[in-house]
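Structure record follows, encoded as structure tokens.
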Amino acid sequence: MPLSISSTEAGARAFFAKPYFAVVGASTNQAKFGYKIFAWYTYHDLPATPINPASPAITVDGTAHATLPSISALPHPRDTGLSVITPPAVTLQVLQEAKKIGISSVWLQPGTWDDAVVEYATAADNFVDVVAGEGGRGHDGWCVLVDGERALKANGKL
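Residue numbers (UniProt numbering): 1 to 158.
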């Protein structure tokens, strides 16, 4: 049975109310969703930081964007919305680190969560906004690539 999190359009709008964003699992490989999602942020002129411990930069349309090795290096974690594109076991570790540093809004892309991730993400006092699970306009659930523009428009950022 598919997992369900009570993500809503309001949750997606709240996520994009943050002034900064980070993409965990950002990739240099243009065929991967970690690249596509980070590029989506850059195409929408959103201040996004790629998180990738294996690469010093990710280049989108000829512009190199310096990566950070982990979210702990983010300069404004409390003001950052965190997009996650990692396997569930890694996602759980990322969420634990995010809670420690004060990140309150997370968007878990399709394929990044399992029962343990959902349980942790939705536990009381862990995060204010969690966007994940069934819903949205895509067939795999809430995805920045599919649902992001609508939420940006609702926030007056597009």
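Ideal placement from N, C-alpha and C gives every residue a C-beta, glycine not left out. Small disclaimer: the values here were computed from a predicted structure and weren't measured.
DSSP three-state assignment for residue i, whether helix, strand or coil
| i | result |
| --- | --- |
| P77 | helix |
| L3 | Any reading at L3 must be qualified, since the residue scores a pLDDT of 39, below 50, and its modelled position is unreliable; the value itself is stated next. In the structure shown, L3 sits in coil (DSSP, three-state: anything other than H, G, I, E or B). |
| residue 165 | Residue 165 is absent from the model: the chain starts at 1 and stops at 158. |
| F21 | strand |
| L46 | coil |
| L108 | strand |
| A12 | helix |
| A64 | strand |
| D129 | strand |
| T122 | helix |
| L158 | coil |
Classification of residue i by the beta-carbon crowding that lies within 10 angstroms, buried from 16 upward
| i | result |
| --- | --- |
| N52 | buried |
| K153 | exposed |
| T91 | buried |
| M1 | Only weak support is given to the placement of M1: the predicted model assigns it a pLDDT of 26, under 50, and the value that follows is read from those uncertain coordinates. With fewer than 16 Cβ atoms within 10 Å of its Cβ, M1 is classed as exposed. |
| T59 | exposed |
| T8 | exposed |
| G34 | buried |
| Q109 | buried |
| A123 | exposed |
| T63 | exposed |
Short Cβ contact (8 Å threshold) for residue i with residue j
| i | j | result |
| --- | --- | --- |
| T67 | S83 | no |
| A57 | H65 | yes |
| V144 | W107 | yes |
| I71 | A98 | yes |
| E149 | G141 | no |
| D114 | P88 | yes |
| I85 | I37 | yes |
| residue 159 | A121 | Since the first and last residues shown for the chain are 1 and 158, residue 159 lies out of range. |
| S105 | G138 | no |
Residue i versus the options, residue with shortest Cα-Cα distance
| i | options | result |
| --- | --- | --- |
| A151 | G25, Y41, Q30 and T28 | Y41 |
| P69 | G133, V118, A22 and A89 | A22 |
| V79 | G111, V118, D125 and T49 | One point to set straight first is that residue 79 is Asp, not Val, in the sequence displayed. It is T49. |
| P47 | P75, G102, Q93 and S27 | P75 |
Any C-beta of chain B under 8 Å from that of residue i
| i | result |
| --- | --- |
| A10 | The chain labelled as chain B is not found in the depicted structure, where only one protein chain is given. |
>> Quick check: the region 118-134 against the region 10-18, are at least 3 beta-carbon pairs closer than 8 Å?
In response: A contact exists between the region 10-18 and the region 118-134.
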